[in-house]
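Chemist: Supplied in structure tokens, the structure appears directly below.
In the numbering used here, the protein residues as written are 238 to 645.
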């Protein structure tokens, strides 16, 4: 498969921001010269073994000898031997590449066309691809850069180069357009890219990442929920709760009228209709897998209700959701439709998310009722909270039916 060059251009300022040429340059010389070779003494021994090889009769061995000569600082000798090998085997990418690199070191103008010929021959040859990456960057050819990065990333080589370059594609609009085209082709590195997004995406390119998601939505391979959640987790790691929640609302097509509900899905309609195994964000109800039969969503007339049956260990989490309440006193109210007499089998608890420290509760309807109305004060140093519905009893007692919950 021959390489081809794109034609999309960006301004020199954009190339400087992306930093492609400098980044590739830092890795290019060691990669194209050493390329995983052994140490100096072993190379000398290998040269001795290949010294009498005729590169015209044995082009592969000649190309290797030329490569070693280049490695040991003899570009003139490398170019001479490599040219003989390439003349007798024009498809030998190593031979062509060594001639090109040697002539580049000799400041020979023929080096660039020779290396571009090697690039057309050797789209699997890593040193050639790295040279092509630098060449495309210097020509401000965004599509050419991404094409080569794609080829390297598919083979899982030179990750120290390809990973930052994939991230750099988020910086400007022209690069993002070309990058989305690559993502839409379902490359093998797509999952690894979104893993890197969750681990280390720079907040300076959050806007660019969201633009990529929006553009991906119009392709044949739109963003997967799990990919969006990886980005959301990264935003949450930086402490920007509002941005993460707003992005989740938009990307999940949540009705505008429901975006201000606290908590989200106060009447349990969304969680009740969610497909089994669907990815779940922190901004919606998370049902504890260990809750078993203690939690069930039922239909009563035209509404959905939550049934909590005694049976889970006291204090075990049944439901949870992240909130971003402002500092101050807040009231958690539950619409208890059945089971309000005696000790209730569940209670609400609010925690500071970062430390998982429970906040002090005030039970306005007695300690037996920790469900229908409680007051909690959120301190200044608690920007994100976790609202939990916990079990309070083991067996015995009546179930409770909750129609809705609000926090104000």
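Ideal placement from N, C-alpha and C gives every residue a C-beta, glycine not left out.
1. Drop a sphere of 10 angstroms on the beta-carbon of residue 291, count the other beta-carbons inside from all chains shown, and report buried for 16 or more, exposed for fewer.
2. Mapping DSSP to helix, strand and coil, what is residue 475?
3. Is the Cβ-Cβ distance between residue 474 and residue 523 less than 8 Å?
4. Which stretch, first to last residue, makes up the alpha helix (DSSP H) that contains residue 608?
5. Less than 7 Å between C-beta atoms, sequence neighbours within five positions excluded: which residues of the same chain meet that for residue 445?
6. Say whether the region 455-473 touches the region 416-423, bearing in mind that this needs 3 or more beta-carbon pairs closer than 8 Å, one atom from each stretch.
7. Which of the three DSSP states is assigned to residue 494 in this structure?
8. Quick one: what does DSSP say residue 594 is sitting in, helix, strand or coil?
9. How far does the alpha helix (DSSP H) with residue 402 in it extend, from its first residue to its last?
10. Taking residue 558 as part of the beta strand (DSSP E), name the residues at either end of that continuous run.
11. Using the Cα positions of residue 472 and residue 480, report the straight-line distance between them to the nearest angstrom.
12. Out of 613, 563, 635, which has the shortest C-alpha to C-alpha gap to residue 625?
13. At what residues does the alpha helix (DSSP H) containing residue 410 begin and finish?
14. Hey, out of 302, 555, 603, 486, whose CA is closest to residue 530's CA?
15. Among 565, 617, 288, whose alpha-carbon lies nearest the alpha-carbon of residue 644?
16. Considering residue 369, what are the terminal residues of the alpha helix (DSSP H) in which it resides?
17. Which residue comes first and which comes last in the beta strand (DSSP E) that contains residue 623?
18. Name, in chain order, the residues that DSSP records as bridge partners for residue 534.
19. With burial defined as no fewer than 16 other Cβ atoms inside 10 Å of the residue's Cβ, what is the status of residue 627: buried or exposed?
20. CB-CB under 7 Å to residue 383, same chain, minus the five flanking residues each way: which ones, in chain order?
21. Over the uninterrupted alpha helix (DSSP H) stretch that includes residue 643, give me the two end residues.
22. With a threshold of 8 Å, are at least 3 pairs of Cβ atoms found where one atom belongs to the region 578-588 and the other to the region 431-440?
23. Does the beta-carbon of residue 551 have 16 or more other beta-carbons within 10 angstroms, so that it is buried, or is it exposed?
24. If you measure between the beta carbons of residue 640 and residue 542, is that distance less than 8 Å?
25. What number of angstroms, rounded off, separates the C-alpha of residue 567 from the C-alpha of residue 398?
26. Find the nearest neighbour of residue 588 within the set 508, 364, 623, judged by alpha-carbon distance.
27. Would you please state the rounded distance, in angstroms, between the beta carbons of residue 505 and residue 467? I believe it to be under 8 Å.
28. For residue 328, count neighbouring Cβ atoms within 10 angstroms of its own Cβ and tell me buried if that reaches 16, exposed if not.
29. Around the C-beta of residue 608, are 16 or more other C-beta atoms found within 10 angstroms, so that it is buried, or is it exposed?
30. Rounded to whole angstroms, what is the Cα-Cα separation between residue 274 and residue 298?
31. Have a look at residue 540 and residue 570 and give me their C-alpha separation to the nearest angstrom.
32. Could you tell me if residue 452 is buried or exposed, where buried requires 16 or more neighbouring beta carbons within 10 angstroms of its beta carbon?
33. What does the alpha-carbon distance come out to for the pair residue 597 and residue 586?
34. Please report the residue range of the beta strand (DSSP E) in which residue 573 lies.
35. In this structure, how does DSSP classify residue 587 when only helix, strand and coil are distinguished?
36. May I have the straight-line CA-CA distance separating residue 527 from residue 514, to the nearest angstrom?
Modeler: On the basis of the coordinates in this document:
1. exposed
2. coil
3. no
4. No alpha helix (DSSP H) holds residue 608; DSSP gives it neither H nor E.
5. Only 407, 408, 413 meet the Cβ criterion.
6. The region 455-473 is in contact with the region 416-423.
7. helix
8. strand
9. 396-405
10. 554-560
11. Just so you know, the alpha carbons of residue 472 and residue 480 end up roughly 7 Å apart.
12. 613
13. 410-420
14. 555
15. 565
16. 363-375
17. 622-628
18. 543
19. buried
20. 406, 415, 416, 419
21. Bounds of any alpha helix (DSSP H) do not take in residue 643; it lies within the beta strand (DSSP E) bounded by 637-644.
22. no
23. exposed
24. yes
25. 50 Å
26. Looking only at 508, 364, 623, the smallest Cα-Cα distance to residue 588 is reached by 623.
27. No, residue 505 and residue 467 are not in contact; Cβ-Cβ is about 27 Å, not under 8 Å.
28. exposed
29. buried
30. Residue placement at residue 274 is poorly supported in this model, since its pLDDT is 40, which falls under 50; the coordinates are not used for a value here.
31. 18 Å
32. buried
33. Residue 597 and residue 586 have their C-alpha atoms some 9 Å from each other.
34. 565-575
35. strand
36. 15 Å
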